[in-house]
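Right, one structure below, let's go through it.
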Amino acid sequence: MQDKSNVPVTKLTRQQQREYRRDHSTLRESLHALSQELADGSRQINQYHILKPLGQGSFGAVYLGENRGDVNHFVAVKEFGKLRLRHNLRISSHRLTQFPEQRNATLRKENEEDPLFLVRTEIAIMKKLLHPNVIKLFEVLDDSDSEKLYMVFEYCPGGILIDVSPGKQVIPMTEDQARKSFVQILSGIDYLHNNGIVHRDIKPDNILFNEDRTVCKIVDFGVSEMFCMPGDDTMKRVAGSPAFMSPELCQAGHVEWHGCSDDIWSFGVTFFAMVMGRLPFDKKNVIELYESIQKDDIVLGEQLSPECCDLLLRMLDKREEHRITTDELYIHPWVTRNGLDHVPTLEEVNNSHVVREVTDEDVHSAISRISSVFTVARAVYKFKHHSMTRASSELMLCFTEYPFLDG
């Protein structure tokens, strides 16, 4: 069997995007989750036995859980406080004023009848993502007897891509090691971009490995955004981690930029950390860091191949309009090992799954989650007014404001 973990993925043309199909994930929505304390003092939420904490995020803790209905099936359980969710929902609800009045009135009516309508819709859409290099959400649980909401993700026990931090030098990956992960991350980013999503916080901490560290997954869509229109990735909100922000995001007064190009820059900083074992821009305070990102040249190691150096320079081009694109990444000599590696298409990676339109049943069975009402409302409008065929090419999703292990 061919090892596909070290091969890149071809960028789809616009026509191929229209023909692209994918299936929805196998998922559950539980409106009335049961949380109970066991005799040994541990907790169980429905069939998930909570074993130990994995980390702490800004909206709650992440725990290791075991599905008692499936022995040795471990999951990551993210716990949210619903009071905090409602607070953020109220704040974000003001964004509805940006919609045309007729659509705004419809959304208001649905929201009055069910205040969680929009967040239910977002999670129904979010659960349909299915790609081997994007973290999978299995289930959302609502404990009706408490102010808790739980999101159940696949568990990635292999840890983060590489443990780099400001002022720290670690042992870098070899180029061959880095390439295996690089093409998987590229495939995941390409999948998101082709489905109208920009991640906006690509970094080593947001790339997790499976147990034997052969497969990596993109996680934490807390600041992600979807395209306003198909093919238009213009963004106006600053987001991301400072050391991984692009020069255009560091400029005072810069009003808009392109999300896909910004993801490529962050991916480039991540790639630099993989092969150099440190950050390319490393300053003691944020102001100096932003200045360095905008003005300083990157310093590459002599051990790197010419192809690797060229790729880094093109991904970290400070001129947004000259930065390498995903189309060009797939055919870059370092990525393809000068044409030696087979390059599967997105259809090959995802086994030609069929996209399924979001239905009313999906919406009403999904559970509330933290969201940006404005971006979710755009997704509602998109899915409610387009056919299944158009949905396959113009899929617009948003994972706004839920952190996954973001502590």
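The working numbering numbers the first residue of the sequence shown as -19 and each following residue consecutively. Using N, Cα and C, we set each Cβ at its ideal position, and we do this for glycine too.
Contacting residues, own chain, Cβ-Cβ under 7 Å from residue i (five flanking each side not counted)
| i | result |
| --- | --- |
| C389 | Not covered by the structure: residue 389. The range shown for the chain is -19 to 387. |
| E268 | none |
DSSP three-state assignment for residue i, whether helix, strand or coil
| i | result |
| --- | --- |
| N265 | coil |
| I165 | helix |
| P222 | helix |
| H179 | coil |
| H366 | Its pLDDT being 42, under 50, H366 is placed unreliably in this model, and the value from its coordinates should be taken loosely. Three-state DSSP puts H366 in coil, outside helix and strand. |
| T316 | helix |
| M295 | helix |
| N186 | helix |
| P286 | helix |
| V329 | helix |
| E205 | strand |
| P80 | With a pLDDT of 36 at P80, under the threshold of 50, the modelled position of this residue cannot be trusted; read the value that follows with caution. P80: coil per DSSP, three-state reduction. |
| H29 | strand |
| E300 | helix |
Closest residue to residue i among the options (Cα-Cα distance)
| i | options | result |
| --- | --- | --- |
| L172 | K197, Y28 and P286 | K197 |
| G232 | R217, D243, F224 and I244 | Inspection of the sequence shows that residue 232 is occupied by Ala rather than by Gly. Nearest C-alpha to A232: R217. |
| A223 | R299, E236 and D242 | D242 |
| N113 | C136, P313, L31 and G147 | C136 |
| D192 | G138, L166 and I177 | G138 |
| M215 | I177, K264, L188 and V199 | I177 |
| D307 | H53, E46 and I169 | I169 |
| L296 | W237, S285 and D277 | D277 |
| N265 | E155, G147, E205 and V203 | G147 |
| R317 | L18, T305 and S285 | S285 |
| E155 | R48, C289 and E46 | C289 |
Limits of the unbroken beta strand (DSSP E) element including residue i
| i | result |
| --- | --- |
| Y130 | K128 to E134 |
| V57 | F54 to G61 |
| L229 | Per DSSP, L229 belongs to no beta strand (DSSP E); it is in the alpha helix (DSSP H), P227 to C230. |
| F118 | L117 to D123 |
| I25 | R23 to I25 |
| E17 | S15 to E17 |
| I142 | Careful: I142 lies outside any beta strand (DSSP E) and carries neither H nor E. |
| I198 | C196 to I198 |
Terminal residues of the alpha helix (DSSP H) in which residue i lies
| i | result |
| --- | --- |
| V249 | G239 to M256 |
| D307 | T306 to Y310 |
| L109 | It is not in any alpha helix (DSSP H) - L109 carries neither H nor E in the DSSP assignment. |
Residue i vs residue j beta-carbon contact at 9 Å
| i | j | result |
| --- | --- | --- |
| D213 | G248 | no |
| L291 | F261 | no |
| Q149 | R258 | yes |
| I30 | Q36 | no |
| L121 | L109 | no |
| H179 | S221 | no |
| S226 | E300 | yes |
| V57 | M131 | yes |
| P313 | E282 | no |
| Y43 | L166 | no |
| S161 | M254 | yes |
| V55 | Y28 | yes |
| I187 | I140 | yes |
| L280 | M256 | yes |
6 Å Cβ shell around residue i - same chain, five flanking residues per side excluded
| i | result |
| --- | --- |
| G211 | none |
| A41 | P33 and E59 |
| Q164 | N113 and C196 |
| V199 | I115, N186, L188 and F384 |
Same chain, Cβ closer than 8 Å to residue i, five either side skipped, listed in chain order
| i | result |
| --- | --- |
| D143 | V150 and P184 |
| S22 | H29, I30 and L31 |
Short CB-CB distance (under 9 Å) between residue i and chain B
| i | result |
| --- | --- |
| G35 | Of the protein chains in this structure there is only one, and it is not chain B. |
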